[in-house]
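Worksheet for the structure shown next.
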Amino acid sequence: MMASLSDTDAAALAQGVATAPWTQRFLDALDAPAGELETVQWRGREALARQPLPSRRDEDWRFTDLAPLLAVFDGTAPTAGSFGGTDSPAAASALPPPAPDTVRLLLDGRSDPLAGQSLPAGLSLLGEGEWPLALGHTLAATGCQAHWPVELNQATASRCLALRVSGTVASTLELVSVAGANRPDAAEPGTHPIGQRLTPVRVLLLLEEKASLNVLQVQLGDGPCLSSLVCEARLGRGSTLRHGLLAFGTGEACFLGHLAVEQEIESHLESVWASRGWALARFEPRVSQAEGGAFTSLKALQLAEEHQRVDTHSRVVFEGPDGQLEQLHKAIADGHGRSVFNGAVKVPRLAQRTNAAQLSRNLLLSNQARIDTKPELEIVADDVRCAHGATVSRLQQNELFYLQSRGISAAVAAGLLKRGFCQEVLRDLPPAAAGWEPLKRLLAEA
Numbered sequence: 120m121m122a123s124l125s126d127t128d129a130a131a132l133a134q135g136v137a138t139a140p141w142t143q144r145f146l147d148a149l150d151a152p153a154g155e156l157e158t159v160q161w162r163g164r165e166a167l168a169r170q171p172l173p174s175r176r177d178e179d180w181r182f183t184d185l186a187p188l189l190a191v192f193d194g195t196a197p198t199a200g201s202f203g204g205t206d207s208p209a210a211a212s213a214l215p216p217p218a219p220d221t222v223r224l225l226l227d228g229r230s231d232p233l234a235g236q237s238l239p240a241g242l243s244l245l246g247e248g249e250w251p252l253a254l255g256h257t258l259a260a261t262g263c264q265a266h267w268p269v270e271l272n273q274a275t276a277s278r279c280l281a282l283r284v285s286g287t288v289a290s291t292l293e294l295v296s297v298a299g300a301n302r303p304d305a306a307e308p309g310t311h312p313i314g315q316r317l318t319p320v321r322v323l324l325l326l327e328e329k330a331s332l333n334v335l336q337v338q339l340g341d342g343p344c345l346s347s348l349v350c351e352a353r354l355g356r357g358s359t360l361r362h363g364l365l366a367f368g369t370g371e372a373c374f375l376g377h378l379a380v381e382q383e384i385e386s387h388l389e390s391v392w393a394s395r396g397w398a399l400a401r402f403e404p405r406v407s408q409a410e411g412g413a414f415t416s417l418k419a420l421q422l423a424e425e426h427q428r429v430d431t432h433s434r435v436v437f438e439g440p441d442g443q444l445e446q447l448h449k450a451i452a453d454g455h456g457r458s459v460f461n462g463a464v465k466v467p468r469l470a471q472r473t474n475a476a477q478l479s480r481n482l483l484l485s486n487q488a489r490i491d492t493k494p495e496l497e498i499v500a501d502d503v504r505c506a507h508g509a510t511v512s513r514l515q516q517n518e519l520f521y522l523q524s525r526g527i528s529a530a531v532a533a534g535l536l537k538r539g540f541c542q543e544v545l546r547d548l549p550p551a552a553a554g555w556e557p558l559k560r561l562l563a564e565a
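Residues in the sequence shown are numbered consecutively from 120, following this note's numbering.
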């Protein structure tokens with residue numbers, strides 16, 4: 120088990136100094152590279168060894184406090200199996216049944232997710248000679264292949280779910296990952312301590328021309344653990360990907376996620392994500408419209424309560440003309456929670472006639488909570504329609520008064536307004552998400 124986070128490391132982290140000793144201890148505690156991603160693991164570990172830990176001196180990380188993540192591996196938190204319970208939202212036994220016409224795969228980064236499963240028509244595994252060539256291509260195209268969370272995933276994941284999508288897939292693909300105390304193998308004797316606390320998931324999707332797929336990813340974490348997700352997708356000409364991500368944590372659980380998408384002309388991407396309950400969550404969607412002429416929709420909803428930290432850092436780049444983007448990011452911060460949104464949109468000169476709209480809407484429900492939002496438009500092209508905006512507000516008093524004047528209590532009225540705020544995003548999740556009761560989980564309703 121790793122040594123605890125020393126005072127020296129903590130001070131160095133706070134001051135933005137490289138904490139190489141922590142990284143070295145982390146790497147030393149890992150099992151030897153193995154599995155189909157052994158080569159990738161070696162590269163990831165070498166990259167981690169060269170990189171300092173992200174710190175607040177880095178512009179992209181200046182609002183992200185890594186202390187909750189480092190504490191997951193400090194050896195002082197409860198071990199797997201001693202935290203949480205069967206009523207935890209992350210309990211594997213508590214998973215709701217899959218929705219009709221949904222194929223569920225359980226991903227833990229180590230086991231074969233297709234054991235005892237068959238893929239629906241239109242989905243097939245990439246061959247041994249294909250996926251090594253495709254893996255990492257979209258990460259590089261979207262400029263995030265060397266990000267610290269990506270290298271962390273690459274250093275530890277021993278499996279990748281690599282799929283080809285041909286034609287229209289009638290079934291929804293549901294990918295579920297359970298991290299922490301309620302992992303199915305958490306109580307197995309001899310399980311490596313790092314393995315109990317770290318669940319790295321790697322997914323690669325290649326959509327052929329005019330292919331169509333609905334995919335729902337569910338990331339659950341309970342107690343001192345890290346749920347690490349790297350998903351990359353290449354959308355062929357005229358293809359459609361409808362992507363949903365539900366991320367629910369409890370206690371000290373942390374989540375680091377990257378979604379990298381490369382779009383060819385006339386392709387269509389809709390991605391919706393919602394999260395709640397993580398001590399630290401950082402999600403980074405990266406999209407490149409390689410030739411322009413594509414459509415991208417990004418919607419997000421994140422809740423930060425107690426002392427939780429939730430960051431979203433998105434980046435959309437138009438590499439050709441006639442591209443479209445619709446982006447809506449929402450956040451609710453309560454207690455001492457902190458929400459961060461940083462959304463970059465780049466429109467170079469060759470991206471004429473781009474139509475992009477980006478909006479960040481936020482509810483601040485406590486004087487101790489904090490919201491930082493920074494929508495960014497970098498426009499060089501001169502024939503475009505681009506707009507962005509951001510609002511941070513409390514629940515509207517006139518709306519509360521209206522409801523209370525009709526006999527509704529203040530608490531119920533506030534709940535109704537929050538439900539309406541959330542539904543604008545949740546209604547665009549893939550239909551298979553309904554079984555997970557996302558609104559009930561997000562608002563912790565009985």
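Think of the CB as a built atom: it goes at the ideal place given N, C-alpha and C, for glycine as much as any other residue.
Length of the line joining the Cα atoms of residue i and residue j
i, j, result
"Gln408", "Ala259", "14 Å"
"Leu254", "Gln236", "23 Å"
"Asp501", "Ser512", "33 Å"
"Ala379", "Val406", "6 Å"
"Val322", "Phe402", "15 Å"
"Asp220", "Pro239", "10 Å"
"Leu558", "Cys344", "24 Å"
"Gly462", "Trp397", "21 Å"
"Val160", "Leu417", "Looking at the sequence provided, one finds Gln at residue 160 rather than Val. If I take the Cα positions, the gap works out to 31 Å."
"Gly526", "Gln515", "17 Å"
Collapsed DSSP secondary structure at residue i in the structure displayed
i, result
"Asn486", "coil"
"His455", "coil"
"Ser256", "Residue 256 is actually His in this sequence, not Ser. In this structure, His256 counts as helix in the three-state DSSP scheme."
"Phe402", "strand"
"Val184", "Checking the displayed sequence, the identity of residue 184 turns out to be Asp instead of Val. Looking at Asp184 - three-state DSSP - the assignment turns out to be coil, as it is neither helix nor strand."
"Arg227", "It is Asp, not Arg, that sits at residue 227 in the sequence shown. Correct three-state label for Asp227: coil."
"Leu332", "strand"
"Leu375", "strand"
"Gln542", "helix"
"Val269", "helix"
"Pro557", "helix"
"Arg144", "helix"
"Pro494", "strand"
"Val531", "helix"
"Glu327", "coil"
"Arg316", "helix"
"Gln382", "strand"
N- and C-terminal bounds of the beta strand (DSSP E) containing residue i
i, result
"Gly248", "No beta strand (DSSP E) contains Gly248, which DSSP labels as neither H nor E."
"Thr369", "359-369"
"Trp392", "387-395"
"Ala352", "345-354"
"Phe414", "414-423"
Opening and closing residue of the alpha helix (DSSP H) in which residue i lies
i, result
"Gln515", "No alpha helix (DSSP H) contains Gln515, which DSSP labels as neither H nor E."
"Thr158", "157-169"
Which listed residue (the options) has its alpha carbon closest to that of residue i
i, options, result
"Cys350", "Val459, Leu364, Thr183", "Leu364"
"Leu519", "Ala533, Asp430, Leu325, Arg434", "Ala533"
"Ala509", "Phe460, Glu438, Pro251", "Phe460"
"Val503", "Thr473, Leu545, Cys279, Arg546", "Thr473"
"Ser358", "Leu172, Leu332, Pro343, Ser346", "Leu332"
"Asp567", "Asn272, Ile384, Ala213", "Summary: the structure shown does not reach residue 567, with the chain confined to residues 120 through 565, and so no result is reported for it."
"Gln471", "Gln477, Ile498, Ala151", "Ile498"
"Ala552", "Val320, Ser390, Leu156, Val159", "Ser390"
"Gly539", "Ser528, Lys449, Ile490", "Lys449"
"Thr369", "Leu348, Arg395, Glu383, Cys263", "Arg395"
> Counting Cβ pairs, one atom from each stretch, are 3 or more of them under 8 Å apart for the region 428-443 and the region 463-472?
Replying inline: They touch, by the three-pair rule.
> Hey, is the region 241-254 in contact with the region 337-345, meaning 3+ C-beta pairs nearer than 8 Å?
Replying inline: Of all C-beta pairs linking the region 241-254 to the region 337-345, fewer than three are shorter than 8 Å, placing the two stretches out of contact.
> Counting Cβ pairs closer than 8 Å, one from the region 148-166 and one from the region 286-296, do we hit at least three?
Replying inline: Result no; under three Cβ-Cβ pairs closer than 8 Å.
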